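Have a look at the structure below before the remarks.
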Amino acid sequence: MTAAEDAKERRQTPPKMTSDPVDPYIFTSDSLPSDPRFMPPLTNGLLGWRVFDPIMHMGGVYNGEGGTCHRGNIPCPLAVQMKMAEDGRHTYKLDMHSGVFSHSVVTPGFEAAQVLYAHRQQTNLLVMEVLLKRSETSTEPITIQLESSFKPQSDDIVFQKAPDFEGGRHIFGQTLSSEVPGGIRPFVHLIWTPITSTLTLPPDQRQSSWVFLVAFAGSDESVRLCYEAGLGLIDTGDLRPSHLRSWAELWKGSSIEVEGAESLNRALIGCMFYLLSSFSSLREGANAPLEFGGVSPGGLSNGNKEEDYHGHVFWDQDTWMYPSVALFCPRLARAVLEYRAGTMEGARANAQQMGYKGLKFAWESAVTGRDVCPEDIYAEQELHINGDVVLAFQQYFYLTQDLEMFREGRGSEVVWGIADYWVSRVTWDPTEQQYHIKGVIPPDEYHFTVDNSVFTNAVAQRSLQFAVELSGLLGHTPPPAWQDVADKIKIPFDPELKYHPEFDGYTQGSGVKQADVVLLGYPLDMSMTPEVRRNDLEAYEAVTDLLGPAMTWGMFALGWLELGDAERAQKLLQKCFKNIQKPFQVWSESADGSGCVNFLTGMGGFLQAVLFGYTGFRVQKEHLAFAPLLPQEVDALSVKGVSYLGNKMDWLIKSVEVSVSVRKPAEESGSQEPSALQVVLNTGTTIPLIPGQSVTFPRQPGQIRKVNSGSHCWPL
1 MTAAEDAKER
11 RQTPPKMTSD
21 PVDPYIFTSD
31 SLPSDPRFMP
41 PLTNGLLGWR
51 VFDPIMHMGG
61 VYNGEGGTCH
71 RGNIPCPLAV
81 QMKMAEDGRH
91 TYKLDMHSGV
101 FSHSVVTPGF
111 EAAQVLYAHR
121 QQTNLLVMEV
131 LLKRSETSTE
141 PITIQLESSF
151 KPQSDDIVFQ
161 KAPDFEGGRH
171 IFGQTLSSEV
181 PGGIRPFVHL
191 IWTPITSTLT
201 LPPDQRQSSW
211 VFLVAFAGSD
221 ESVRLCYEAG
231 LGLIDTGDLR
241 PSHLRSWAEL
251 WKGSSIEVEG
261 AESLNRALIG
271 CMFYLLSSFS
281 SLREGANAPL
291 EFGGVSPGGL
301 SNGNKEEDYH
311 GHVFWDQDTW
321 MYPSVALFCP
331 RLARAVLEYR
341 AGTMEGARAN
351 AQQMGYKGLK
361 FAWESAVTGR
371 DVCPEDIYAE
381 QELHINGDVV
391 LAFQQYFYLT
401 QDLEMFREGR
411 GSEVVWGIAD
421 YWVSRVTWDP
431 TEQQYHIKGV
441 IPPDEYHFTV
451 DNSVFTNAVA
461 QRSLQFAVEL
471 SGLLGHTPPP
481 AWQDVADKIK
491 IPFDPELKYH
501 PEFDGYTQGS
511 GVKQADVVLL
521 GYPLDMSMTP
531 EVRRNDLEAY
541 EAVTDLLGPA
551 MTWGMFALGW
561 LELGDAERAQ
571 KLLQKCFKNI
581 QKPFQVWSES
591 ADGSGCVNFL
601 TGMGGFLQAV
611 LFGYTGFRVQ
621 KEHLAFAPLL
631 PQEVDALSVK
641 GVSYLGNKMD
651 WLIKSVEVSV
661 SVRKPAEESG
671 SQEPSALQVV
681 LNTGTTIPLI
691 PGQSVTFPRQ
701 PGQIRKVNSG
711 SHCWPL
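In this text, residue positions in the sequence shown follow full-length UniProt numbering: the first is 1, and each later residue adds one.
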């Protein structure tokens with residue numbers, strides 16, 4: 001059999017997925033996915049690449065004006081696959097500990113391995129390493145082919161050659177069109193190590209390795225510095241070790257695992273891995289990652305003009321992806337807030353264009369903040385995006401008490417600008433004596449131009465309330481209209497059926513696309529009786545599209561966990577597994593594999609169902625609430641690295657007891673001075689949390705609170 005025939009046969013055979021029985025972070029297969037969309041993405045918050053694909057993307061690089069805006073395709077020199085004449089055993093492995101993908105081949109005469117990763121520390125670098133090692137009996141030269149699909153050209157960028165640099169090839173170009181008329185067209189520079197078509201291990205060598213770098217940046221000076229940094233790490237032997245250290249540090253501060261449910265455990269690890277990959281690591285002294293362009297539903301590896309959502313940033317980022325990252329890594333998640341603050345001028349222009357005051361954040365955003373949605377109706381009517389943005393700012397503040405973000409970080413401008421928008425957007429109904437928001441599309445996009453979407457109005461109310469609260473904290477007097485609208489905005493409710501209609505005129509039993517009204521309970525934490533919460537869940541679970549987007553069932557599951565029905569919750573959570581595509585845990589938007597791939601939105605919803613559902617975590621103004629509940633199949637839940645008021649907490653939840661420990665301050669990085677914490681159980685028991693010590697108590701609801709409002713020392 002020829003190498004080509006062998007490769008073809010392997011492509012046509014369904015991949016066999018295995019997870020290391022000892023290590024659930026490692027996923028291996030003897031063949032690649034038959035659908036190349038489900039190849040694993042390697043991303044680091046700045047660069048995104050689907051393994052072996054001839055194109056990749058870079059944060060903030062878009063081509064096309066207005067609704068045609070999409071991620072600019074950048075050619076990837078590492079679009080290379082190993083080929084060889086000898087028959088061998090092929091293994092493809094994604095190591096989620098380290099963000100490293102490898103293809104290894106074992107033959108009677110030698111072993112070959114190709115290793116690929118998006119560098120976690122030096123985020124401008126993609127890396128390929130190749131290793132050849134002969135067997136004990138081998139004496140002949142060993143040659144492998146490196147079959148490349150790389151072409152130094154793009155439909156979105158006109159590239160031209162630049163002088164070689166330090167032995168690397170250099171091309172650069174500028175996108176063809178800007179996002180807005182007269183706007184910036186970014187430059188892209190690439191320098192890469194030339195890749196030969198073959199590699200040979202001489203007969204007098206037992207083994208040899210080769211390293212190939214690609215540096216990406218927006219200027220000549222920057223790309224040279226990045227490439228030089230990579231060469232320096234090669235010289236010191238620290239290229240891969242520095243990458244591994246960055247991932248190890250990230251996992252140390254943010255992990256969630258379950259015992260007793262192997263497939264669930266692997267799914268959670270996969271979701272955390274792909275979400276964390278979407279954020280750049282913190283640089284020394286930085287409050288948030290630099291060079292962050294937001295998180296789109298399919299991440300950085302997707303978003304060209306032929307792919308769903310074009311790499312645009314939606315509410316998905318703020319509502320579905322952000323909360324889990326913020327609970328573990330507030331400084332990392334702060335990048336989401338700074339992205340929104342950086343697009344305020346576009347948001348102001350959006351509001352003015354529609355005749356309103358304040359800020360109207362884009363339904364689909366890229367770099368400028370102007371709406372780049374291809375269809376005007378969504379840009380004009382999906383108003384809940386504004387409240388979703390404020391909810392993210394509010395969660396960050398309650399987790400950190402970081403007022404600097406709102407003073408110097410322009411967070412207050414975002415929150416107050418959105419409050420001004422809501423006040424200008426509502427209309428007063430003299431008959432009902434309430435404020436209305438008319439002509440909107442709710443999260444359920446099967447309905448449009450409706451009045452008083454209950455989710456839209458509720459999230460508007462919450463954002464207005466936080467605007468008033470923030471004014472007091474910063475010593476400002478809020479406009480009276482903010483509180484007035486918050487107090488009098490209509491929240492549709494049917495007192496006879498005791499449930500929330502989705503909008504004015506909604507007919508109970510009408511089909512809906514996705515989670516909508518159920519979001520009132522979480523994340524909005526709207527006050528309602530258990531009966532009403534149950535009625536909302538029952539009413540909308542029965543009519544939600546079974547082929548709707550993946551994040552939906554996690555929210556229903558979370559609702560049933562609130563009500564104490566863990567087994568019903570688990571059945572709903574199981575629906576999400578249909579969206580997980582083997583062998584590398586890549587999610588599809590729909591259960592049949594269609595729609596957006598590497599669907600981070602679905603992963604975020606699934607992760608929240610466990611992280612906030614099994615634990616009962618709720619981020620409140622003055623405490624972190626918890627109400628643990630595990631389904632029967634889960635023996636224990638371990639959540640390591642929960643961040644609260646400058647502390648890192650590790651939780652172990654079992655069926656009858658809960659253990660919590662606060663890490664010693666010396667173990668953590670960051671400038672925030674930790675507050676002294678205590679456990680306050682609903683039974684009235686108070687337990688101090690001493691750093692470095694673990695406390696255990698019977699499983700029951702409670703709160704994590706400051707010891708007192710002025711304490712910044714640990715109780716003894």
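Backbone N, C-alpha and C define an ideal beta-carbon position, used for all residues, glycine too.
Predicted, not measured: the structure shown is a model, and the values here were computed from it.
Among the options, which one has its Cα closest to the Cα of residue i?
i, options, result
"E380", "P323, W651, V660, E364", "E364"
"I191", "E179, F159, P181, G182", "F159"
"H436", "S222, K490, L652", "K490"
"G355", "R618, V586, Y421, Q394", "Y421"
"S412", "T431, V389, V423", "V389"
"D156", "R245, L250, T68, C576", "T68"
"D536", "L403, A392, W560, S197", "W560"
"G45", "V61, Y62, S277", "S277"
"D444", "L399, L403, P501", "P501"
"P479", "L473, D487, V468, K488", "V468"
"E140", "R206, T400, H119, R37", "R206"
"I195", "F216, E166, V80", "V80"
"S135", "Y92, F101, D204, L126", "D204"
"A261", "F397, S588, L131, Q632", "Q632"
"L403", "L473, G417, M344, A392", "L473"
"Q401", "P674, K93, R120, H90", "P674"
"T193", "S209, P181, A215, F101", "A215"
"D487", "Q514, Q508, V423", "V423"
"V106", "A118, Q122, L132, L126", "L132"
Roughly how many angstroms lie between the CA atoms of residue i and residue j, to the nearest whole one?
i, j, result
"F361", "V367", "12 Å"
"L637", "Q693", "19 Å"
"H189", "R71", "16 Å"
"F212", "P202", "20 Å"
"P186", "S219", "9 Å"
"S669", "V414", "For S669, the predicted structure reports a pLDDT of 46, less than 50, and the residue's modelled location is therefore unreliable. A value from the coordinates is still provided. Between S669 and V414, the C-alpha separation is close to 28 Å."
"S197", "T236", "27 Å"
"F52", "F328", "32 Å"
"L176", "N63", "6 Å"
"M555", "G605", "7 Å"
"E147", "P77", "11 Å"
"V658", "V518", "28 Å"
"A566", "L629", "7 Å"
"residue 719", "G311", "What the structure shows of the chain is the stretch from 1 to 716, and residue 719 is not part of that stretch, so it cannot be assessed."
"N452", "Y274", "36 Å"
"I269", "Q483", "42 Å"
"T343", "Y378", "19 Å"
"Q394", "V656", "33 Å"
"H447", "V459", "18 Å"
"T544", "L239", "49 Å"
"K498", "T529", "10 Å"
"L406", "K582", "It is worth fixing the name first, because residue 406 is Phe in this sequence and not Leu. So the two alpha carbons sit approximately 43 Å from each other."
Assuming the contact rule is C-beta atoms closer than 8 Å, residue i and residue j should be a hit. Round their C-beta distance to whole Å, please.
i, j, result
"R370", "G346", "4 Å"
"S154", "I256", "Actually they do not touch by this definition, with Cβ atoms about 39 Å apart."
"L573", "A609", "6 Å"
"I171", "S178", "21 Å between Cβ atoms; not a contact."
"G99", "G293", "Wrong, their Cβ atoms sit about 19 Å apart, outside the cutoff."
Got a sec, what are the start and stop residues for the alpha helix (DSSP H) residue i sits in?
i, result
"S412", "411-425"
"D95", "Per DSSP, D95 belongs to no alpha helix (DSSP H); it is in the beta strand (DSSP E), 89-95."
"A113", "Careful: A113 lies outside any alpha helix (DSSP H), inside the beta strand (DSSP E) at 110-118."
"K575", "566-575"
"H57", "First-last for H57: 55-58, but that is the beta strand (DSSP E), not the alpha helix (DSSP H)."
"A379", "376-381"
Residue i lies in the beta strand (DSSP E); which residues open and close that run?
i, result
"Y227", "Y227 -> not in any beta strand (DSSP E); alpha helix (DSSP H) instead, spanning 220-235."
"A351", "Unbroken run through A351 is the alpha helix (DSSP H), 344-353; no beta strand (DSSP E)."
"R705", "702-706"
"K83", "80-83"
"R134", "125-134"
Is the shortest distance between the beta-carbon of residue i and the beta-carbons of chain B less than 8 Å?
i, result
"S324", "Judged by its chain identifiers, the structure shown contains no chain B, having just a single protein chain."
Could you pull out every unbroken beta strand (DSSP E) segment of at least 3 residues lying fully inside the region 262-327, listed in chain order? none
In the region 462-507, which residue ranges form an unbroken alpha helix (DSSP H) of at least 4 residues, counting only runs that do not cross its ends? 480-488
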